[in-house]
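So for the sequence shown, the working numbering puts the first residue at 110; every next one is plus one.
Built from N, CA and C at the ideal position, the CB exists for glycine as well.
Notes for the one structure printed next.
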Amino acid sequence: MPEQQRSKDVTAKEGLQFCNQLFAIEREIKDLSFDERHQVRLEKSRPLLGAFSVWLRTQTPKMLPKSALGQAIKYCRNQWDKLEAFLEDGRLEIDNNRSERSIKPFVIGRKNWIFANTPKGAKASAVTYSIVETAKENGLNPYQYLMYIFEKLPNVDASMRTPLICYFLGRIVFQLAVLLT
């Protein structure tokens, strides 16, 4: 293997090691409370991100801007504020994989749904998926949740709909809705 290619491979592996270490910390703290996660992130992840930032700045002038590695480094530096956001709140995740997984069925199936040929159909589909995914995220059976909504919601005064939905999702969500209204 040519020396230049070997150098790129080593550099890419160095960058990947930073990412792997950050995700290893996340695996260690996944079962902690939000406050505990936040504290561990400040103690372990923040210094690691600082070292990663220095590494990125050091590598930037060594890379060809149009090379795959050069573009990856530039992208990471341009998205740095978004990358650091998870440090500020233990409720945040380091990545958006869960969100990506939740929309995957919608993305895969969108071409198969006849009713989504219009803006109203697309909105109906998006609302339905939002309700289903919200139910899943809150540990509810989506079918039972939809049945409950379809049975109860039409007969409820409009001013009571938000509290009813929040009640079904759980007390925490309801308390949040009360704080926001």
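- prompt: For the segment 118-128 against the segment 166-185, are there 3 or more C-beta pairs whose distance is under 8 Å?
  reply: yes
field: Residue span of the alpha helix (DSSP H) that contains Arg150, given as start and end
entry: Careful: Arg150 lies outside any alpha helix (DSSP H) and carries neither H nor E.
Cβ distance (whole Å) where Leu131 is taken to contact Ile203 below 8 Å: 6 Å
message: Rounding to the nearest angstrom, what Cα-Cα distance links Pro251 and Glu242 in this structure?
response: 8 Å
task: Report the option in Glu145, Gln148, Phe161, Asp144 whose CA atom is closest to the CA atom of Gln129.
output: According to the sequence as given, residue 129 is Asn; it is not Gln. Of the candidates Glu145, Gln148, Phe161, Asp144, the one whose C-alpha sits nearest the C-alpha of Asn129 is Phe161.
field: Whole-angstrom C-beta distance between Leu158 and Arg186, which should lie under 8 Å
entry: Between Leu158 and Arg186 the Cβ distance is about 12 Å, and since that is not below 8 Å, they are no contact.
- prompt: Ordered along the chain, which non-local residues of its own chain (more than five positions away) have a Cβ less than 7 Å from that of Glu135?
  reply: Ile203
message: For Leu255 and Lys245, what's the separation of their Cα atoms in angstroms?
response: 11 Å
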